[in-house]
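With the first letter of the sequence shown counted as 1, position 420 gets the number 438 in my numbering; the numbers rise by one all the way through.
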Amino acid sequence: MTTLATSLHIATSSLGATQVQLSVAANNIANADTDGYTTKRATQISLTSGGSGSGVSIAEIASNVSKILMTDLIDATSETAAATITQSYISNLQSALGSLSSETGEGSALSNTIAAFEDAMTGLATTPESASLANAAVAALEDVTNQINDTASDITDQIETADSQIATGVAEANEALETIDGLNAQIRTATARGDSTSDLQDQLNTALVALSEQMEIKTFTGTDGSTKVYSASGQVLVDSTSHLLTTDTDASGHVTISVNGSDITDKLDTGSLGALLTLRDETLPAFSEALDELANQLVTTLNTVQPGLLTGTSASDIAVSDSLLSDPTTLLGTANASETANAILDALQGDTSFNAAGVLSAGDRSFTDYVGEIISAAVSASTSASNSLDLSQTELSSIEDTIASIYGVNVDEETERLAELQQLYALASTILSTIQSMFDDLRSAVS
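This is the structure we're talking about:
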């Protein structure tokens, strides 16, 4: 009787363990296309009693994704998010500055527009008494100032857009932090009960990746199974609770970011937030400053030759004077018109002393050369941004492929495993039924 009872217990435990494994395999197949889901395995162990086998049991259900790979994924996600944002903004900046052409008068770059004004002045210098040529020269000068205004406005718009996206990114980061905190609480509870936390861990990993899209983070797993999260500069973001990011505005009205009462605006280097802050506070203002220097020098230089041609002191407000627009024939004044026209040409085409501004250093060069250098700086920045994006995407894809290869669901393998488990379940059921029948026969014989 004792032997049959033991056999019955063994068969029952085998049936139960197989049921769990069948459920795990079926769940794997069902979640094959679920983002962030990793293959689960039910670890089966042997039970002993009095030194003899007494059945089997499921010790745990887990996927055990490598912590090293997860760290690599989180880091690569931050880098790729930053590179994506940077490439997008720099591409827009390059478009705002226009395209270069080797042929004078062609292309949309500001240097081409300045060259067109030089051409108009060349014609006017030859025939200074021509009202139509004066009109054309003033119109060409207005094209220059309008394009400077428009480019400055485009850059300002990008700065404000970046500022708006920073506020949005903070909200998304806080949402991820709250999700992580909530999952940590569930993991602590499940761990204390001895329940599987594998599905919760998948969800936690997904939330960590979402947070890393916004900012660089470091993670540590506690003894209770929960995950602690820190910023790259060491500020705690999640421990026993979440520490949400807060926003304020600086003197310019731009968003600043703090956590735990400390301003971390200048400590966010990567992720979308880091990239947006760099673009808003450094990259875009540098090009804006270079444009301001161009506008200021253009006003000073032309007005020195012929007072009252231009107004304004920066790229945003440079303009052809109202008096010149109302009467373009006053462009050259009343005396020595041809000499004035040539003097304006010399001022445009000769070397002007530019101060260091933004992306350009101080030095003497013509206006077209100066603008060409601004555009070249944008092209160089765009090329660098594109290369960085390609590299980061390649690294991220490689890590994602590795995780998918090791921990992703292989439907064919799971289907085959499901079939094997079904056979094992049927066999265990048959054995259990046979033992139960023997038990019944024995009881009948005894009675």
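Here a beta-carbon is modelled for each residue, glycine too, at the ideal position from N, C-alpha and C.
Can you tell me whether G123 is buried or exposed, with buried defined as 16 or more other CB within 10 angstroms of its CB? In this prediction, G123 scores a pLDDT of 40, lower than 50, which makes its location untrustworthy; the coordinate-derived value is nonetheless stated afterwards. Exposed.
* Asked: Per DSSP, A375 is paired with what?
  -> L378
Check: With distances taken from CA atoms, which of D220, T296, A133, E234 is nearest E178?
Finding: T296
Practice task
Using the Cα positions of Q37 and T237, report the straight-line distance between them to the nearest angstrom.
Solution key: 36 Å
**Asked** Buried or exposed: which applies to N192, given that a residue is buried once 16 or more other Cβ atoms fall within 10 Å of its Cβ?
**Response** buried
task: May I ask you to list the residues that DSSP assigns as paired with S260?
output: V256
Next item on the list: Quick one: grab the DSSP three-state call for S113.
Entry: helix
Taking C-alpha atoms, which residue in A361, Y388, A228 lies nearest to L91? A228
#### Entry: Other residues of its chain near L286: CB distance less than 6 Å, five sequence neighbours each side excluded
M233, G292, L295
Original post:
In terms of residue numbering, what span does the alpha helix (DSSP H) encompassing Y425 cover?
Top reply: 385 to 425
#### Entry: Reduced DSSP category for I336 - H, G, I as helix; E, B as strand; rest coil
coil
| Between the region 130 to 146 and the region 155 to 174, do at least 3 Cβ pairs fall closer than 8 Å? | yes
In chain order, what residues of the same chain have a beta carbon less than 8 Å from the beta carbon of S384, not counting five sequence neighbours either side? L366, Q367, G368, D369, T370
ask   = How big is the Cα-Cα spacing for D335 and I424?
value = 59 Å
Helix or strand or just coil, what does DSSP make of T301? helix
Just verifying my parser: in three-state terms, what is the DSSP assignment at D281? strand
(message) Considering only the alpha carbon of each residue, which of A250, L316, S398, L142 lies closest to N373?
(response) L316
Just reading off the beta strand (DSSP E) that S270 is part of, what are its end residues? Segment: none, S270 is in no beta strand (DSSP E) and carries neither H nor E.
Exercise for the section: Measure the CB-CB distance between D181 and R298 and report whether it falls below 8 Å. Expected result: yes
Between the alpha carbons of P346 and N153, how many angstroms are there, rounded? 5 Å
Beta-ladder partner(s) of D236, from DSSP: Reading off the sequence, residue 236 comes out as Lys, not Asp. Paired residues: Y248.
Which of the three DSSP states is assigned to S150 in this structure?
helix
- Query: Out of curiosity, what's the CA-to-CA distance linking L111 and H261?
  - Reply: 36 Å
Nearest-angstrom Cα distance between S276 and T329? 42 Å
Worksheet item: From D257 to V247, what does the alpha carbon distance come to, in whole angstroms?
Response: 7 Å
Helix, strand or coil, according to DSSP, for S84 in the structure here? coil
Exercise. Which same chain residues, not among the five before or five after T259, have their C-beta less than 7 Å away from its C-beta?
Worked result: D199
Q | Whole-angstrom C-beta distance between L218 and I205, which should lie under 8 Å | A | 5 Å
task = Could you tell me the boundaries of the alpha helix (DSSP H) in which S214 lies?
result = Where S214 is concerned, there is no enclosing alpha helix (DSSP H), given that its DSSP letter is neither H nor E.
TODO: Take E121 and list the residues in its own chain whose beta-carbon comes closer than 8 Å to its own, dropping the five residues that flank it on each side.
DONE: Note on E121: pLDDT 43, under 50, position unreliable in the model; the coordinate value appears next. Excluding sequence neighbours, E121 sits near nothing in its chain.
Is the beta carbon of D172 closer than 8 Å to that of A94? no
**OP:** Specify, as a first and last residue, the run of the alpha helix (DSSP H) that L291 falls within.
**Re:** 289 to 296
### Query
If you count every other CB in all the chains shown that lies within 10 Å of the CB of N405, and 16 or more means buried, which is it?
exposed
What distance in whole Å lies between the Cβ atoms of L363 and E136, which are believed to be in contact at a cut-off of 8 Å? 6 Å
### Query
Just curious, the alpha helix (DSSP H) that Q367 is in, first and last residue?
355 to 367
Whole-Å CB distance - S339 paired with G351, under 8 Å assumed: S339 to G351, Cβ: 13 Å. No contact.
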